[in-house]
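Using this note's numbering, the letters of the sequence shown map in sequence onto residues 266 to 504. Even for Gly, the Cβ is constructed at its ideal location relative to N, Cα and C. Predicted model only: the values in this text are computed from it and were never measured. See below for the structure under consideration.
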Amino acid sequence: MTDFSPQLSRITAICHGFGNKSALLPDNLQPYQTSQANKKQVHGTAIVDVTHPGQECGEADGLYTTQSGILLTVLTADCLPVIFSQQHGKGIAVVHAGWRGLLDGIILRMVERIARDEDPANWVAAIGPAARSCCYEVNEELVERFVSELPLAENIISPRFRHLNLAAIAEHQLRGAGIHQIDRVGSCTICTAAPHDGDGAQHHFKYTSFRRTSQQQAIDPNHPGIKGRNQYSGLIILP
């Protein structure tokens, strides 16, 4: 089942969704796939203005447009997908934010881009499925780096020993930059079980996860990788 943001769902001028293993690109976005802006995600902070369907954006981890009929997406498999819309659907944006992007300020850069056109307080953001603090274990040095570089309390950054809470970090960055209408959508990409389908079968996990797949490959080298199986999250201003 596709994940949706309650706040974004109220904006009738847009269509949005967060993908998973059973629908990598949400069904409601598939009719617009040919309009999709293309980019190479590199865990950076580059943001590209998209002005026409099918635009080749090069290396970018954030896309922004005020044009209708252009699908903006990000691919994730544990990193945060963050999607944005002006509250009347007059502009949209997407960000791919892993731990590097959060530290380097990709979310803040996107809000700065939004602010060039309008008050960010008039925008809504939805933070999608990603590795959550229940499972996202890192080394102590990385936690210490977050604590030293970001103006956030340590219990927000790392509510459990050596675990990062990427969604909480992103939400605090958004609020600090002026966006206060925020949804957290979906659940942990590493551990969330898939719902049973109609015949009672169960596909073990709901989301594609790079971390979980790497752990499985360490046990079984023949376990398939995630290439071509990342989930899309995105939105479009309806034509």
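Query: Start and end residues, beta strand (DSSP E) containing alanine 432; Result: Note, alanine 432: premise wrong, no beta strand (DSSP E); alpha helix (DSSP H) at 431-442.
Query: Chain-order list of residues whose beta-carbon lies under 7 Å from that of tyrosine 472 (same chain, five-residue window excluded); Result: Asn285, Lys286, Pro394, Thr454, Thr457 and Gln496
Query: Residues bridged to valine 403 (per DSSP); Result: In the DSSP output, where bridge partners are listed per residue, valine 403 has none listed.
Query: Sufficient close CB pairs (3 or more, under 8 Å) joining the stretch 333-353 to the stretch 296-308; Result: yes
Query: Beta-bridge partners of histidine 361, as assigned by DSSP; Result: Pro346
Query: C-alpha gap between alanine 390 and isoleucine 447, whole angstroms; Result: 5 Å
Query: Rounded C-alpha distance that separates cysteine 344 from asparagine 487; Result: 24 Å
Query: Residue from Leu290, Ile348 and Glu324 whose Cα sits closest to the Cα of threonine 330; Result: Ile348
Query: Whole-angstrom distance between alanine 459 and serine 350, CA atom to CA atom; Result: 28 Å
Query: Residues that DSSP places opposite alanine 391 in a beta bridge; Result: Ile348 and Asp448
Query: Where valine 412 falls: helix, strand or coil (DSSP); Result: helix
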